[in-house]
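Inspection log for the structure reproduced underneath, given as structure tokens.
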């Protein structure tokens, strides 16, 4: 029988932090909304023609806790629906790494556009400001009020499309339950467990005042920009692209992508064997050198691992494996030509490279 209390504690501890790392950009977007203002000077002579003022964007920090609550409520609702579907249909609703990469890229570009809009880089970025439908606005009869509800709720709902590693582990648990209501309960309880972490960050932000509050709002825009770059990087990693920012930087610096020395594969009976530890903080080793023209055998070990690294992806070979929390997974690869073979976790956060020489 599934212990929902344990699932809640998982969300309260590991889940809250890992999900904040992935979804923090959407929460920050909820807290600091761009608002278009007019820069036209006051007219002393209304009858005279004046040049039309260019609209500017000002960063406005939320004035109360309601946007955070709307964000969290929509987040719980969307994940409950996901759990219901996973429990009812099992693996039929599984999202492939390529689809996940596309969603990551979409979220990343949205956050980049939002941040650049906040800094008035170019008028085109105003299109990234989410506006509620006119019908919804008319129902609310107040544009600022409708935006206060619609934008946080939409962003909270969309967090279901960019799950963190722990959320993915809970999704697997929901699938294995084989029951729609149980799956819904698993996801709902887990997300409720993550809520205090998100709420605490939002609450602390809103307690600021005066110049410090505006400084925080500006810093939030910078955070959104950074997290947008991270999301784009993760999406490109999932696609196995050498254009991922961290890989480009590593190539320019001619250093390893991640700390750690390159390890040579051990050849046994004509098969090159690689032993990799899927740790909660990444893969060890993450740089392996093999010889071209020989088959490769990966032995991936896990021990109480519920993070993103429990999903092992080699995009170029269309390989995707869900690793057990504790155990060993063997992956056989055909002989490779000289070059680089990239692998990553299921969210593209943790990466590694097999260098074929």
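In our numbering, the protein residues as written are 1 to 357.
Yeah, the Cβ is synthetic: ideal placement off N, Cα and C, and Gly gets one too.
This one's a predicted model, so the numbers in the text were calculated from it and none came from an experiment.
- Pairing residue 342 with residue 315 gives a Cβ-Cβ distance under 8 Å.
- In the displayed model, residue 306 falls within coil according to three-state DSSP, outside both helix and strand.
- Annotation: the continuous alpha helix (DSSP H) that includes residue 113 extends over 97–118.
- The stretch 219–284 is shown to contain whole beta strand (DSSP E) runs of 3 or more residues at 266–268, 271–279, 282–284, in chain order.
- Comparing C-alpha distances from residue 356 to each of 116, 243, 336 shows the shortest one belongs to 336.
- In this structure, the straight-line span from the alpha carbon of residue 111 to that of residue 292 is close to 41 Å.
- Residue pairing for residue 322: DSSP places it in a beta bridge opposite 311.
- Cβ-Cβ distances below 8 Å link residue 222 to 115 in the same chain, with the five nearest sequence neighbours on each side left out; the list follows chain order.
- Below 8 Å, enough C-beta pairs join the stretch 74–81 and the stretch 181–189 to call them touching: three or more.
- With respect to residue 298, residue 310 sits apart: the two C-beta atoms are not nearer than 8 Å.
- Under DSSP, residue 343 shares a beta bridge with 352.
- DSSP links residue 333 through a beta bridge to 296.
- The beta carbon of residue 303 is closer than 7 Å to those of 326 in its chain, skipping five residues each way along the sequence.
- Counting along the chain, the unbroken beta strand (DSSP E) around residue 290 starts and ends at 287–290.
- Judged by their CB atoms, residue 228 and residue 352 are not nearer to each other than the 8 Å cut-off.
- One Cα belongs to residue 288, the other to residue 264, and the distance between them is close to 6 Å.
- For residue 104, same chain residues with a beta-carbon under 7 Å away, outside a window of 5 residues either side, are 162, 231, 234, 235, 238, 348 in chain order.
- With contacts defined as CB atoms closer than 8 Å, residue 156 and residue 8 fail to qualify as a contacting pair.
- Residue 278 and residue 300 have their alpha carbons spaced roughly 7 Å apart.
- Taking the Cα positions, residue 16 is about 6 Å away from residue 197.
- Secondary structure of residue 156 (DSSP, three-state): helix.
- In the DSSP assignment, residue 327 is bridged to 302.
- Under the 10 Å beta carbon count, residue 261 is surrounded by fewer than 16 other beta carbons and is classified as exposed.
- Put simply, of 175, 179, 243, 171 the residue whose alpha carbon is nearest the alpha carbon of residue 191 is 171.
- DSSP places residue 65 in no alpha helix (DSSP H); its state is neither H nor E.
- Here residue 97 is buried: its Cβ has 16 or more other Cβ atoms, across all protein chains shown, within 10 Å.
- Only buried fits residue 290, as 16 or more other CB atoms lie within 10 angstroms of its CB.
- Excluding the 5 residues flanking it on each side, residue 4 has same chain C-beta neighbours closer than 8 Å at 185, 186, 189, in chain order.
- Counting other Cβ atoms within 10 Å of its Cβ, residue 266 stays below 16 and is therefore classed as exposed.
- Non-local beta-carbon contacts of residue 87 in its own chain, meaning distances under 6 Å to residues more than five positions away in sequence, involve 174, 177, 179, 180, 182, 183 in chain order.
- Look at residue 88 here: in three-state DSSP terms it is helix.
- Each of 331, 332, 350 was checked against the Cα of residue 244, and the nearest Cα belongs to 350.
- By alpha-carbon distance to residue 286, the top candidate from 70, 276, 312, 294 is 276.
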